[in-house]
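The block underneath contains the structure these notes are about, expressed in structure tokens.
Protein chains in written order, with our numbering: chain L, 14 to 308; chain V, 443 to 750.
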């Protein structure tokens, strides 16, 4: 009798997904390449190129791109204190990308945990977390970031704190949605019947289901975080001058826009290439994973 | 309808309370002594003490919180120590500039994205649709402040046809408004496109076609009117987003709006103006949200039913 029942359930299994070998998605591959390139630059660039943010070389200030300084060619020109713009951009890549990675890790981590708790337990836990999220969303994100960053003062750590506070909500909402739809599925019920703890169900059964929508959110958020960080730094509320990110470089070159346009334009091009690629990547991943997720 | 309105109204009150609490929490529970920060490094302990006394910063936190809520409800944000006079007055003086900028940007966004959305919907997934979606996603991803700087470089420094900073004429508005609307164009194009496509599936379109009406006549006279109702409502919501994003644009183009005042006040630690500016922007944002929700309820009865 027991055997018969088991066979029955197997036959009626509604969510049997055949394993299909996935084809390589060339669009995603091509879009990832510039991103990977920038990550490499951020990691290894500062080791290869000598750069000291407090150096001044007034004899060679405001030189146009391609100028020769002794043995060395300033491919992207020099800035108002004689710094090589290319070296600054490479150094800035490390700052901008570290802030983005740390924010997605911290803010995203907090968001994922709160989203899991909120979706899984429901009730007052859900109410409290989601009302806090609602209140936060009643503020334009950039306004909240300006308020917090302005009060904390410019430093790399403070930018990460600020952006983590402003970004956790999106992660929490997406994970909460995925958790709610997963928690009543049969495989979660069966885990519960076996006697698995809440912690085990959340980490081993529900979290893996959330990973696919989470990947899309992470990609989209990395782009948004890079822009937010650059915007804060541009306003003078982000990274300090001795750890200048791309946003601050653009801001510092603004006063020289008519005499030395390359100081602002070059880091901006780097920023634009990276953010546009991440943006397209996020869009492609979203279309791939779920055409209805579009909002 | 009445119960929906009442619920929605009380929800807005709750969110306004939350916003006030966030402002209080960020400004007061920060590390460091606000009075010492405001007075700078040359202040004597006596000066710091007397400023703390006059600002009420030496009272218990919950007393300060109660006082803060009462003050905000009376629209009393304190005096600006940098500019003199009530902080709110300074912010309200700048409000027309920000509103002008935001409205012009919305207008630009409509002028640019409606034709694009209609074109894209004519042949879904056709060449025009793909190009439009590519370009609008591109515009969405570019950092606005950098676009602003590049526009200044091209149109003010090289071509010399538009002023790079300040306000006062229509020419001053063009670049800031365009830069401000750029990231939103992609979103509105998508909205218009999907609105039209949705509407084209309706039965009355088939009826119109079977009557022998021309495709363009159906599109512009019948479909567009229905398709644009939700889009226009969303535009109301976007006005709040525009005011928030305007902060950075105002700094780029030295536009004398609330955003530039806010950033300058933060840099000078003039917290009275900071809290007045942020409360005002958040207030506008929440009220716009409320209005849009109510309009939605009127236009689409399904929402009301769902809520109750």
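Ideal Cβ positions, reconstructed from N, Cα and C, are used throughout, including at glycine.
Computed from a prediction, not measured in an experiment: that's the story for all the values here.
- Task: Sort out for me which residues DSSP pairs residue 87(L) with in a bridge.
- Result: 80(L)
- Query: Closer than 8 Å, CB to CB, is residue 657(V) near chain L or not?
  - Reply: no
- Should residue 517(V) go down as buried or exposed, given a rule of 16 or more other Cβ atoms within 10 Å for buried? Exposed is the call here.
- Could you tell me whether any Cβ in chain L is nearer than 8 Å to the Cβ of residue 692(V)? no
- Query: Is there at least one Cβ from chain L nearer than 8 Å to residue 686(V)'s Cβ?
  - Reply: Output row for residue 686(V): interface = yes.
- Task: For the alpha helix (DSSP H) containing residue 567(V), list its first residue and its last residue.
- Result: Per DSSP, residue 567(V) belongs to no alpha helix (DSSP H) and is neither H nor E.
- Query: Would you report the Cα separation of residue 726(V) and residue 38(L), rounded to the nearest angstrom?
  - Reply: Each residue's Cα considered, the two are about 45 Å apart.
- Message: What would DSSP say about residue 118(L), mapped onto helix, strand or coil?
- Response: helix
- Query: Assuming residue 737(V) contacts residue 164(L) under a Cβ cut-off of 8 Å, what Cβ separation, rounded to an integer in Å, is found between them?
  - Reply: Between residue 164(L) and residue 737(V) the Cβ distance is about 36 Å, and since that is not below 8 Å, they are no contact.
- Just by C-beta distance, which residues in the region 567 to 599 of chain V are closer than 7 Å to chain L? From the region 567 to 599 of chain V, only 579, 580, 582, 583, 584, 585, 587, 588, 591, 592, 594, 595 and 599 have a Cβ closer than 7 Å to chain L.
- Query: Would the beta-carbon of residue 591(V) fall within 8 Å of that of residue 258(L)?
  - Reply: In this structure, residue 258(L) does not lie closer than 8 Å to residue 591(V) by Cβ.
- Task: Would you decide whether residue 279(L) is buried or exposed? Buried here means 16 or more other CB atoms lie within 10 Å of its CB.
- Result: Counting other Cβ atoms within 10 Å of its Cβ, residue 279(L) reaches 16 or more and is therefore classed as buried.
- Which chain V residues sit within Cβ distance under 7 Å of residue 293(L)? 579
- Residue(s) in a DSSP beta bridge with residue 221(L): Beta bridge pairing from DSSP links residue 221(L) with no other residue.
- Return the Cβ separation of residue 154(L) and residue 162(L) in integer angstroms, given the expectation that the two are a contact with Cβ distance under 8 Å. Going by Cβ atoms, the distance from residue 154(L) to residue 162(L) rounds to 12 Å, so no, they are not a contact pair.
- Message: If the cut-off is 7 Å on Cβ atoms, which residues from the region 259 to 278 of chain L count as contacting chain V, listed in chain order?
- Response: 263, 267, 270, 271, 274, 277 and 278
- Query: With 16 as the cutoff for other CB atoms within 10 Å, does residue 614(V) come out buried or exposed?
  - Reply: buried
- Task: Please say whether residue 289(L) and residue 583(V) have beta carbons closer to each other than 8 Å?
- Result: yes
- Run of the alpha helix (DSSP H) containing residue 195(L), from where it starts to where it stops: Boundaries of the alpha helix (DSSP H) around residue 195(L): 169 to 196.
- Coil, strand or helix - residue 513(V) by DSSP: Three-state DSSP puts residue 513(V) in a helix.
- Item | First and last residue of the uninterrupted alpha helix (DSSP H) at residue 489(V) | 487 to 497
- Task: Report yes if the CB atom of residue 678(V) is closer than 8 Å to the CB atom of residue 625(V), and no otherwise.
- Result: no
- Message: Rounded to the nearest angstrom, what separates residue 195(L) and residue 593(V) at their Cα positions?
- Response: 48 Å
- Relative to the alpha-carbon of residue 520(V), which residue among 735(V), 716(V), 541(V) and 723(V) has its alpha-carbon at the smallest distance? 716(V)
- Give the straight-line distance between the Cα atoms of residue 576(V) and residue 564(V), rounded to the nearest whole angstrom. 17 Å
- Item | Rounded separation between residue 231(L) and residue 121(L) - CA only | 8 Å
- Three-state secondary structure assigned by DSSP to residue 63(L): coil
- Query: What did DSSP end up calling residue 139(L) once you bin it into helix, strand or coil?
  - Reply: Three-state DSSP puts residue 139(L) in a helix.
- Message: Please report the straight-line C-alpha distance between residue 104(L) and residue 58(L), rounded to a whole angstrom.
- Response: Residue 104(L) and residue 58(L): Cα-Cα distance of roughly 7 Å.
- Query: Under 8 Å between the Cβ atoms of residue 618(V) and residue 722(V)?
  - Reply: no
- Exposed or buried, what is residue 488(V) when buried is set at 16 or more other beta-carbons lying within 10 Å of its beta-carbon? exposed
- Would you kindly work out how many angstroms separate the C-alpha atoms of residue 226(L) and residue 637(V), rounded to a whole number? 25 Å
- Taking only beta-carbon positions, decide if residue 469(V) is within less than 8 Å of chain L. Taking Cβ atoms only, chain L reaches closer than 8 Å to residue 469(V), which makes this a yes.
- According to a CB-to-CB cut-off of less than 7 Å, which residues of the region 605 to 639 of chain V neighbour chain L? Hits within the stretch: zero.
- Query: Fully enclosed by the region 656 to 701 of chain V, which alpha helix (DSSP H) runs are 4 residues long or longer?
  - Reply: As far as the region 656 to 701 of chain V is concerned, its whole alpha helix (DSSP H) runs of at least 4 residues are 666 to 694.
- Query: Within the 8 Å Cβ cut-off, does residue 247(L) reach chain V?
  - Reply: The beta carbon of residue 247(L) falls within 8 Å of a beta carbon belonging to chain V, placing the residue at that interface.
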